[in-house]
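Quick look at the structure:
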């Protein structure tokens, strides 16, 4: 329940902002402030859905309501947008405006994924030609890339670059940048000798200190998929504002779509064997790694045969050509033919085993870094973390897809399943995919049950004047608090339709 003192603080901040800007109060904006403040302090359900037409002043409305409530309750605020344009507007215009023209005292920061920051360890390694040639993760960089990497190292050391992709002045292609990044599996965290200078952890420290974190839907979903609180604040300590919320169902569906390319996965089997074999040699062939390498080598022979047979069966399906030139074959009602299911069942088991074996190898590397395990060339362990982490991710992705297909003999109305046929430089490949048809069930599990409070807003949430479809898509109950606020603009009078 909204306390009187909080209500007064919100009203005072709104009046101060209007007076400072010389604005007249807008009825829709006042209504939205009241709805948000009441909704996120509700004793039973702290979630509200608000469609507010263009010109309402949504950002100012939800910020003026949420900031005092969050500060009174000791919570963080995450504002999530779907587009860069709105993200920049919130970060560079709306929040500075409120900070300058109200009595509210708050700090704010932009959150980005780990892949937007250079990994200093990877940068050092890619410039060390001996290490770069030995670690089988990427092709050796060309001379132009090496010049760029050298310039990055120099600029960072001199304090003229902060390590963020967006602040690097010259264009750099995705593959060249990817060599310089890592994920949570490839990171030694505070055991890394460059931890104190790490751009990502410096930024994460700023995130944990800030009152308001501005992010995008993809980052919010990625953090939630990792359990929450990995990059962004813990969900149960957060009031989440989802602006441009009409994008949320599709973003969720895209984020949780499973896929694997059968031909590429067959080639990956050789890559993972080569990588693990080289790593084991590097560490003097310790028995615990030899057992992993030998089992992996035996089982990948079996899996290669299964994948070849799967590729043959999938290629025999009926395909139709899409506009992008690729061919597609859809499984009616998500049902997979029994012959394909019979192959996916053992493939699922094998890829789970591969993932577990690689996780064991990854744990051994962590122990080398910690000093709790002693192998030859133990100081090289950190160089191999991203390699093993990459292969864990690849094995896990294949397991998830094959597990989904294996359980689809009778069909699952909550998933769409299909196959794409791709023409590549090295021949034809087939990609198996599965996408959730009910993103709301996922959001209910990973978000709504965990977050302290949430506001979902956009100018376009209703269908035929009703929230019913949107509420179903995002997994909220039919009794969730909602409001439709009309735009103050009279489009019928000020708009002109021109037909050439």
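In our numbering, the protein residues as written are 27 to 526.
By construction, the Cβ of each residue, glycine as well, lies at the ideal position given by its N, Cα and C atoms.
Which residue marks the beginning of the alpha helix (DSSP H) containing residue i, and which one marks its end?
i: residue 187; result: Taken as a continuous stretch (DSSP letters only), residue 187 belongs to no alpha helix (DSSP H), as it is neither H nor E.
i: residue 154; result: Counting along the chain, residue 154 falls outside any alpha helix (DSSP H), and DSSP gives it neither H nor E.
i: residue 508; result: That residue, residue 508, is in no alpha helix (DSSP H); its beta strand (DSSP E) goes 507 to 511.
i: residue 271; result: Here residue 271 belongs to no alpha helix (DSSP H), and DSSP marks it neither H nor E.
i: residue 42; result: 30 to 47
i: residue 126; result: 121 to 127
i: residue 518; result: 517 to 520
i: residue 502; result: Segment: none, residue 502 is in no alpha helix (DSSP H) and carries neither H nor E.
i: residue 253; result: Neither: residue 253 is in no alpha helix (DSSP H) and is coded neither H nor E.
i: residue 419; result: 407 to 432
i: residue 325; result: 313 to 341
i: residue 201; result: 200 to 204
i: residue 469; result: 465 to 469
i: residue 59; result: 53 to 65
What does a CB cutoff of less than 7 Å around residue i pick up in its chain, not counting 5 residues either side in sequence?
i: residue 421; result: 377, 380, 381 and 384
i: residue 395; result: 214, 217, 407 and 408
i: residue 149; result: 175, 178, 179 and 206
i: residue 101; result: 263, 264, 265 and 478
i: residue 303; result: 319
i: residue 352; result: 446, 447 and 448
Take residue i and list the residues in its own chain whose beta-carbon comes closer than 8 Å to its own, dropping the five residues that flank it on each side.
i: residue 50; result: 44
i: residue 53; result: 514
i: residue 366; result: 336, 339, 340 and 431
i: residue 32; result: 63, 67, 94, 95 and 98
i: residue 283; result: 459, 460, 461 and 462
i: residue 403; result: 308, 309 and 310
i: residue 498; result: 466
i: residue 426; result: 284
i: residue 456; result: 287, 288, 289, 337, 340, 341, 445, 446, 447 and 448
i: residue 129; result: 38, 39 and 42
Name the DSSP beta bridge partners of residue i, please?
i: residue 453; result: 450
i: residue 103; result: 238 and 265
i: residue 459; result: 285 and 444
i: residue 278; result: Per DSSP, none; premise fails for residue 278.
i: residue 482; result: 75 and 268
i: residue 110; result: DSSP, once it has assigned bridges, lists no residue as partnering residue 110.
i: residue 489; result: 492
i: residue 143; result: 190
i: residue 347; result: 353
What residue range does the beta strand (DSSP E) around residue i cover?
i: residue 77; result: 73 to 78
i: residue 284; result: 284 to 287
i: residue 376; result: That residue, residue 376, is in no beta strand (DSSP E); its alpha helix (DSSP H) goes 364 to 396.
i: residue 134; result: 134 to 136
i: residue 356; result: 353 to 356
Closer than 6 Å by C-beta to residue i: which residues in its own chain qualify, once you throw out the five before and the five after it? Chain order, please.
i: residue 508; result: 75 and 493
i: residue 35; result: 94
i: residue 232; result: 135
i: residue 236; result: 133, 134 and 135
i: residue 84; result: 78 and 483
i: residue 226; result: 140 and 143
i: residue 153; result: 175
i: residue 72; result: 66 and 479
Among the options, which one has its Cα closest to the Cα of residue i?
i: residue 306; options: 295, 318 and 296; result: 318
i: residue 144; options: 113, 180 and 189; result: 189
i: residue 168; options: 193, 203 and 195; result: 203
i: residue 260; options: 250, 186 and 63; result: 250
i: residue 487; options: 479, 480 and 496; result: 496
i: residue 105; options: 391, 472, 41 and 271; result: 271
i: residue 113; options: 269, 401, 323 and 360; result: 269
i: residue 299; options: 198, 491, 274 and 325; result: 325
i: residue 115; options: 86, 323, 127 and 126; result: 86
i: residue 242; options: 138, 322, 329 and 38; result: 138
i: residue 69; options: 41, 27, 92 and 37; result: 27
i: residue 166; options: 147, 258 and 201; result: 201
i: residue 322; options: 80, 355, 343 and 297; result: 297
i: residue 454; options: 224, 252 and 334; result: 334
i: residue 481; options: 274, 373, 369 and 524; result: 274
i: residue 301; options: 417, 39, 278 and 346; result: 417
Are there any heavy atoms of the ligand COA lying less than 7 Å away from the beta-carbon of residue i, as far as the coordinates show?
i: residue 311; result: With respect to the ligand COA, the structure offers nothing, as it holds no ligand at all.
Three or more C-beta pairs below 8 Å linking the stretch 211 to 222 and the stretch 396 to 415:
yes
Is the number of C-beta pairs between the stretch 442 to 460 and the stretch 420 to 434 that are closer than 8 Å three or more?
yes
Inter-stretch contact at 8 Å, needing at least 3 Cβ pairs: the stretch 304 to 322 / the stretch 496 to 508:
Per the Cβ contact rule, the stretch 304 to 322 is not in contact with the stretch 496 to 508 (fewer than 3 Cβ pairs under 8 Å).
Do three or more CB pairs link the stretch 278 to 295 to the stretch 102 to 121 at distances below 8 Å?
no
Taking contact to mean 3 or more Cβ pairs, one atom from each stretch, closer than 8 Å, check whether the stretch 257 to 272 and the stretch 177 to 195 are in contact.
Two segments are said to touch when three or more pairs of C-beta atoms, one from each, lie closer than 8 Å; by this definition the stretch 257 to 272 does not touch the stretch 177 to 195.
Quick check: the stretch 459 to 473 against the stretch 55 to 66, are at least 3 beta-carbon pairs closer than 8 Å?
With contact defined as three or more Cβ pairs closer than 8 Å, the stretch 55 to 66 and the stretch 459 to 473 are not in contact.
Should the stretch 446 to 457 be called in touch with the stretch 385 to 393, which here means at least 3 C-beta pairs below 8 Å?
no
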